[in-house]
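Some notes on the structure that comes next.
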Amino acid sequence: METGNEKNCALQVPVHIPADGESGCFWEDRKDRHHCGIDLYAEKGTPVFAIEEGEVVEIEIMTSSSMIEYWNETYHLIVRGNSGKYYKYGEMGMTIPEKGSRVKKYDRIGKVGQVLNPEMIDSTSPRYIQALKEKNPAMLHLRNNPVPQTSTTKCLIFITNENLLAGR
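Per the working numbering, the very first residue in the sequence shown carries number 11; after that it's consecutive.
Okay, here's the thing in structure tokens:
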């Protein structure tokens, strides 16, 4: 696995974290469910880095044309951080570590994928989703589950500010 460091994770472009009510924000009402992460838009193939040291506890297909015909195959990876929190990195085109392996903070763990197949739909939106879980890493796509997960907005703002203040 490619080991990263702070310099590999430097923010090279302004980062937009969706505010409450914006498309892609945490707990956005998507009619069939509430959005349990935050959409961070990036170019297909952009590296994705771990934000905490921990163990990879799950890697699975997240989207595919067998689910919705205009979707490409993407993957999600869940890391149980040393803090006990679960981090879900989703809609990646590829993942690097294997289930059960350990990752360090700033390790490159995959690349941003592209959910929408441009040959099947006009609008393309390559992205990955990062979601933070306090306890159970299972995604809450159930309509009857009223308990929101931890908003990743504060976590992402902290990480962004940490990198900007450190001059990374």
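For glycine and all other residues, C-beta sits at the position ideal for the given N, C-alpha and C.
The structure presented is a predicted model; accordingly, all values stated were derived computationally and were not measured.
When rounded, the separation of the alpha-carbon atoms in Asn127 and His86 is 18 Å. By the CB criterion at 8 Å, Gly123 and Ile106 fall outside the cutoff. The DSSP assignment places 64-73 and 84-91 as complete runs of the beta strand (DSSP E) inside the segment 59-96, in order along the chain (cut-off: 3 residues).
A straight line joining the alpha-carbon of Asp49 with that of Val113 spans about 23 Å.
Contact between Gly34 and Gly103 is ruled out by a C-beta separation of about 18 Å, above the 8 Å threshold. When the beta-carbon positions are compared, Asn92 and Glu68 stay at least 8 Å from each other.
Judged by DSSP in its simplified three-state form, Met130 adopts coil rather than helix or strand. Its chain contains Arg90 and Arg112 as the residues whose beta carbon lies nearer than 6 Å to that of Glu65, once the 5 sequence neighbours on both sides are disregarded; these appear in chain order. With fewer than 16 other Cβ atoms inside 10 Å of its own Cβ, Glu70 counts as exposed.
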